[in-house]
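What the sequence shown shows, in our numbering, is residues 726 to 838, in sequence order.
Cβ coordinates follow ideal geometry from the N, Cα and C atoms, glycine included.
Step one of this worksheet: look at the structure below.
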Amino acid sequence: MAADMTGVTTLTAVTRTVMGNKRIVIADLHIGDGTVEIPAAGIPLTASEFGLTKIEQFIAESASLVYKYDYTNSTLLAYTSHATPGATVKLIIADAAVPHETIRVMVIGYGLS
Numbered sequence: 726m727a728a729d730m731t732g733v734t735t736l737t738a739v740t741r742t743v744m745g746n747k748r749i750v751i752a753d754l755h756i757g758d759g760t761v762e763i764p765a766a767g768i769p770l771t772a773s774e775f776g777l778t779k780i781e782q783f784i785a786e787s788a789s790l791v792y793k794y795d796y797t798n799s800t801l802l803a804y805t806s807h808a809t810p811g812a813t814v815k816l817i818i819a820d821a822a823v824p825h826e827t828i829r830v831m832v833i834g835y836g837l838s
């Protein structure tokens with residue numbers, strides 16, 4: 726499965742499995758290209774794009790940014806972090822281009838896959 730979400734992200738499913746009544750999708754998200762800007766509300770990313778009807782847990786692994794899924798608005802938010810102890814984490818907002826990177830995500834939910 727590959728999908729294009731607002732020109733910012735390409736999603737490629739790596740594997741799918743079932744555990745009890747839950748569906749698990751592991752996918753690679755290709756974020757940004759250094760010029761495309763993140764929408765103010767985050768990157769739209771719905772359950773259906775993973776072949777699910779509901780996302781219950783979203784775990785992202787990234788080398789450069791911190792990603793958090795907004796379950797209420799079905800968006801992926803990007804944050805910067807600093808190695809300095811006690812430093813704050815800052816939300817990347819609109820008009821901020823993100824460098825290209827591939828992040829691996831594990832999405833657990835209910836649905837069709």
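Boundaries (first-last residue) of the beta strand (DSSP E) holding residue i
i, result
"E826", "826-835"
"V823", "Neither: V823 is in no beta strand (DSSP E) and is coded neither H nor E."
"V761", "First-last for V761: undefined, no H or E at that position."
Nearest-angstrom Cβ-Cβ length linking residue i and residue j, presumed shorter than 8 Å
i, j, result
"A766", "V750", "Not really, about 23 Å apart at Cβ, beyond 8 Å."
"R748", "L770", "Wrong, their Cβ atoms sit about 16 Å apart, outside the cutoff."
"T805", "D753", "That pair is no contact at about 21 Å."
"I833", "E781", "5 Å"
"I763", "V830", "Wrong, their Cβ atoms sit about 16 Å apart, outside the cutoff."
"G836", "A772", "7 Å"
According to DSSP, residues forming a beta bridge with residue i
i, result
"G769", "Here residue 769 turns out to be Pro, not Gly, going by the sequence shown. T800, per the DSSP bridge assignment."
"E786", "R829"
"V743", "R748"
"T778", "Partner(s): none; T778 has no beta bridge."
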